[in-house]
Amino acid sequence: MGNNLDALTTIFTEFYYWITVPLMFLIHVGFCMYEVSVSRAKNKMHTLMKNAMLIPVVTVTMFFFGFWIYFALPAWPVGDMATGTGALPWDVTMGSNFQDHIMGVFWAAFLLFSWTAASIVSGAVIERIRTGAFLIFAVLVGSITWMIDAAWGWSPSGWLVTEWGYHDAYASGVIHGICGGAALGILAVLGPRIGKFAPDGTPRDIPPHNPWFAVIGLFVIYTGFWGFYAACNAPIVDLSGDGTLFSATSIYLTPTTLSTITFNFLMSLAGGLMAGYMLSKGDAYWTFSGGLAGIIAASAGNDLYHPLQAFFIGIVGVWVAYRLHYWVERKFKIDDAVGAVAVHGYAGSFGVIAAGFMLWGYPAVADGSVSITPWGQIGGAIMMFLVLGFIPTYIVALILKGMGILRIPREVELAGLDYFDEQTRKSDNQDIVNAELANANN
Amino acid sequence: MSTGIESWGAENLSKIDALYPFVGSEKIMTIIGVVIWIGWQIWQMKFENNSYEDQTSQLSGETLTKVISEDD
Chain A
1 MGNNLDALTT IFTEFYYWIT VPLMFLIHVG FCMYEVSVSR AKNKMHTLMK
51 NAMLIPVVTV TMFFFGFWIY FALPAWPVGD MATGTGALPW DVTMGSNFQD
101 HIMGVFWAAF LLFSWTAASI VSGAVIERIR TGAFLIFAVL VGSITWMIDA
151 AWGWSPSGWL VTEWGYHDAY ASGVIHGICG GAALGILAVL GPRIGKFAPD
201 GTPRDIPPHN PWFAVIGLFV IYTGFWGFYA ACNAPIVDLS GDGTLFSATS
251 IYLTPTTLST ITFNFLMSLA GGLMAGYMLS KGDAYWTFSG GLAGIIAASA
301 GNDLYHPLQA FFIGIVGVWV AYRLHYWVER KFKIDDAVGA VAVHGYAGSF
351 GVIAAGFMLW GYPAVADGSV SITPWGQIGG AIMMFLVLGF IPTYIVALIL
401 KGMGILRIPR EVELAGLDYF DEQTRKSDNQ DIVNAELANA NN
Chain B
443 MSTGIESWGA ENLSKIDALY PFVGSEKIMT IIGVVIWIGW QIWQMKFENN
493 SYEDQTSQLS GETLTKVISE DD
């Protein structure tokens with residue numbers, strides 16, 4: 001810190017990112033509430049534990065290698081290993097270090113994205129995947145594939161950005177597209193829950209055990225999404241280079257303002273809610289999911305859009321996600337229990353492509369050496385959803401299925417994952433009641 | 443005897459980087475950490491597989507039908 005301005009900027013930046021972490025923690029709380037509530041009562045505790053245990057495995061793997069991937073792999077095809085040295089788990093900066101105040105906070109911001117990535121996948125596969133298998137996917141998506149896509153497309157030096165002009169300011173494709181694709185890759189191998197489809201192929205609704213709490217979970221995700229948006233920005237950057245013009249920037253170090261993202265976050269939420277309500281005829285689940293999908297659809301360009309553009313894109317993105325969800329469900333018999341592929345994958349990929357047309361010709365990086373184009377965005381959307389999303393999880397799911405460790409046994413699925421725990425609880429409770437009765441009669 | 447820092451004096455602060463004790467043990471700690479992580483994943487899968495085998499054996503035809511019919 002050379003002077004007071006540098007010191008203030010550094011401390012503000014540290015504190016800014018630090019505050020985003022507990023805010024983003026709410027995303028995970030919301031996902032747990034949502035996912036558990038959508039499951040049937042006979043599966044709820046298993047569903048909770050499956051999601052909760054992704055936290056430790058993704059956290060330690062992000063420490064061991066996930067964060068290193070982000071710094072080491074921006075260049076095509078295999079990056080420059082030397083650029084990741086500071087993020088190796090044995091480097092002095094990956095610990096309490098008096099000369100570096102930001103690394104742990106920055107790591108945590110990325111880590112919370114990683115939890116979100118794994119959690120998006122988690123909801124789609126509930127009530128029939130083994131926890132052990134899911135935790136392998138959590139590491140694959142949360143600490144490997146999404147970190148590769150972040151290195152490629154969510155860094156000013158990533159090759160998708162410097163070569164194709166890829167622009168995805170608030171992660172329509174970088175988080176949501178890839179995770180929707182990853183969920184679809186698993187679902188294609190895992191198969192639907194027993195009873196989801198009638199013999200003639202007609203899909204049946206499997207009612208959530210607590211619909212009210214499910215939508216409250218989505219409300220909590222909205223709240224956490226503020227932290228997500230904040231963490232996607234660099235909060236204060238000297239854009240002039242001489243200390244005369246400071247501003248927030250996107251992760252690509254291109255200008256934006258907190259005002260812009262506040263306008264656009266809320267307007268895309270509004271568009272998504274209205275579209276979800278209209279398409280579903282007032283269904284609470286799809287209305288709230290629509291709000292989320294609206295934000296996700298506009299996120300790629302929400303650093304630059306006009307609020308009404310964000311509103312329109314939110315509406316169209318939800319329409320795309322809703323229609324595709326039911327078409328894919330009927331056509332391919334895909335049982336996506338929470339609509340994760342639609343809300344994240346389809347809306348996110350649509351949003352990436354829409355940004356290519358809306359922001360056509362805008363500089364993708366601060367020096368203006370490459371511009372945003374529709375084809376760059378279409379290529380990026382394919383890279384996120386298909387190449388880094390669908391294909392890796394599809395292959396791993398096939399391997400796990402071949403080993404017989406992907407899906408829970410049929411008998412356990414039919415009885416419910418919590419059946420034996422519930423029997424034990426009832427038995428323990430009866431023991432206590434008997435003891436209390438004996439005491440009362442003495 | 444000290445495991446790390448011996449003074450918080452102003453003259454020393456600018457020279458301090460690592461704040462944790464036992465500087466130099468980072469690679470060993472990483473190896474131990476990775477072993478714990480992989481060991482835990484393997485243990486979890488074995489534990490889960492054994493649980494399902496046990497549960498499946500208890501859920502024979504009539505029992506399973508009764509359990510499903512009692513499900514609310």
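Top line first, the protein sequences correspond to chains A and B. My numbering puts the first residue of the first sequence at 1, with every later residue one more than the last. My numbering puts the first residue of the second sequence at 443, with every later residue one more than the last. The beta-carbon is built from N, C-alpha and C at its ideal position, and this holds for glycine as well.
Identity of the residues DSSP links to residue i by a beta bridge
{"i": "Val237/A", "result": "Ser247/A"}
{"i": "Pro203/A", "result": "Phe197/A"}
{"i": "Ala366/A", "result": "None; Ala366/A has no bridge partner."}
{"i": "Arg470/A", "result": "There is no way to answer for residue 470/A, as the model of chain A reaches only from 1 to 442."}
{"i": "Ser371/A", "result": "Pro363/A"}
{"i": "Pro255/A", "result": "Thr249/A"}
{"i": "Asn97/A", "result": "Ala460/B"}
Environment of residue i [buried if 16+ CB atoms lie within 10 Å]
{"i": "Trp319/A", "result": "buried"}
{"i": "Glu436/A", "result": "exposed"}
{"i": "His101/A", "result": "exposed"}
{"i": "Asp418/A", "result": "buried"}
{"i": "Asp149/A", "result": "buried"}
{"i": "Arg443/A", "result": "Since the first residue shown for chain A is 1 and the last is 442, residue 443/A is missing from the structure and cannot be characterised."}
{"i": "Ala297/A", "result": "buried"}
{"i": "Lys44/A", "result": "buried"}
{"i": "Tyr322/A", "result": "buried"}
{"i": "Val365/A", "result": "buried"}
{"i": "Phe489/B", "result": "exposed"}
{"i": "Arg128/A", "result": "buried"}
{"i": "Gln309/A", "result": "buried"}
{"i": "Thr359/A", "result": "A quick correction: the sequence has Leu, not Thr, at residue 359/A. Buried, since its Cβ has 16 or more Cβ neighbours within 10 Å."}
{"i": "Thr256/A", "result": "buried"}
{"i": "Trp375/A", "result": "exposed"}
{"i": "Glu495/B", "result": "exposed"}
{"i": "Pro208/A", "result": "buried"}
{"i": "Lys469/B", "result": "exposed"}
{"i": "Leu245/A", "result": "exposed"}
{"i": "Phe443/A", "result": "Residue 443/A is absent from the structure shown; chain A starts at 1 and stops at 442."}
{"i": "Phe134/A", "result": "buried"}
{"i": "Phe332/A", "result": "exposed"}
{"i": "Thr424/A", "result": "exposed"}
Whether residue i touches residue j by CB criterion (8 angstroms)
{"i": "Ile55/A", "j": "Trp115/A", "result": "yes"}
{"i": "Glu222/A", "j": "Leu292/A", "result": "The question names Glu, but residue 222/A in the sequence shown is Tyr. Yes; because the gap between Cβ atoms is below 8 angstroms, this pair is in contact."}
{"i": "Gly356/A", "j": "Ser371/A", "result": "no"}
{"i": "Ser247/A", "j": "Leu253/A", "result": "no"}
{"i": "Leu445/A", "j": "Phe390/A", "result": "Only positions 1 to 442 of chain A appear in the structure, and residue 445/A is not among them; the question remains open."}
{"i": "Tyr229/A", "j": "Ala151/A", "result": "no"}
{"i": "Cys61/A", "j": "Trp479/B", "result": "With the sequence shown as reference, residue 61/A is identified as Thr, and Cys is not the correct amino acid for it. Yes. Within cutoff."}
{"i": "Val237/A", "j": "Ser289/A", "result": "no"}
{"i": "Gly30/A", "j": "Val220/A", "result": "yes"}
{"i": "Phe263/A", "j": "Pro203/A", "result": "no"}
{"i": "Val189/A", "j": "Ala138/A", "result": "no"}
{"i": "Asp459/B", "j": "Val92/A", "result": "yes"}
{"i": "Val412/A", "j": "Gln500/B", "result": "no"}
{"i": "Gly402/A", "j": "Gln486/B", "result": "no"}
{"i": "Ile136/A", "j": "Leu324/A", "result": "no"}
Assumed close pair residue i, residue j - CB separation to whole angstroms, cut-off 8 angstroms
{"i": "Tyr462/B", "j": "Gly95/A", "result": "5 angstroms"}
{"i": "Phe312/A", "j": "Ala270/A", "result": "With a Cβ gap of about 11 angstroms, Phe312/A and Ala270/A do not count as contacting."}
{"i": "Ala109/A", "j": "Thr20/A", "result": "6 angstroms"}
{"i": "Leu406/A", "j": "Gly243/A", "result": "Wrong, their Cβ atoms sit about 57 angstroms apart, outside the cutoff."}
{"i": "Ile11/A", "j": "Gly224/A", "result": "The pair is not a contact, with the Cβ atoms about 25 angstroms apart (cut-off 8 angstroms)."}
{"i": "Ile315/A", "j": "Ala275/A", "result": "4 angstroms"}
{"i": "Thr393/A", "j": "Ala87/A", "result": "With a Cβ gap of about 25 angstroms, Thr393/A and Ala87/A do not count as contacting."}
{"i": "Asp283/A", "j": "Ala169/A", "result": "The Cβ separation is near 30 angstroms, so there is no contact."}
{"i": "Thr472/B", "j": "Trp107/A", "result": "Not confirmed; about 15 angstroms, so no contact."}
{"i": "Phe25/A", "j": "Val476/B", "result": "That belief does not hold up - the Cβ atoms of Phe25/A and Val476/B are roughly 26 angstroms apart, past 8 angstroms."}
{"i": "Thr249/A", "j": "Ala234/A", "result": "5 angstroms"}
{"i": "Val465/B", "j": "Gly451/B", "result": "In fact, because the Cβ distance is near 19 angstroms, the residues do not count as touching under 8 angstroms."}
{"i": "Ser268/A", "j": "Gly294/A", "result": "5 angstroms"}
{"i": "Ser299/A", "j": "Ser172/A", "result": "4 angstroms"}
{"i": "Ile126/A", "j": "Thr47/A", "result": "5 angstroms"}
{"i": "Met33/A", "j": "Gly217/A", "result": "3 angstroms"}
Closer than 7 angstroms: residue i CB and nearest the ligand NAD heavy atom
{"i": "Val343/A", "result": "With respect to small molecules bound, the structure shown includes none, and the ligand NAD cannot be examined in it."}
query = With contact counted as at least three CB pairs below 8 angstroms, one residue from each stretch, are the stretch 157-165 of chain A and the stretch 139-148 of chain A in contact?
reply = no
ask   = Three or more C-beta pairs closer than 8 angstroms, one from the stretch 373-381 of chain A and one from the stretch 349-356 of chain A: is that the case here?
value = yes
task = Taking 8 angstroms as the threshold, find out whether the stretch 193-213 of chain A comes into contact with the stretch 35-46 of chain A through three or more Cβ pairs.
result = yes
inquiry  = I want to know whether the stretch 122-130 of chain A touches the stretch 332-340 of chain A - three or more CB-CB distances under 8 angstroms.
reply    = yes
request  = Taking 8 angstroms as the threshold, find out whether the stretch 408-418 of chain A comes into contact with the stretch 501-514 of chain B through three or more Cβ pairs.
outcome  = yes
inquiry  = With a threshold of 8 angstroms, are at least 3 pairs of Cβ atoms found where one atom belongs to the stretch 388-404 of chain A and the other to the stretch 161-179 of chain A?
reply    = Pairwise C-beta distances place the stretch 388-404 of chain A in contact with the stretch 161-179 of chain A, as three or more of them are shorter than 8 angstroms.
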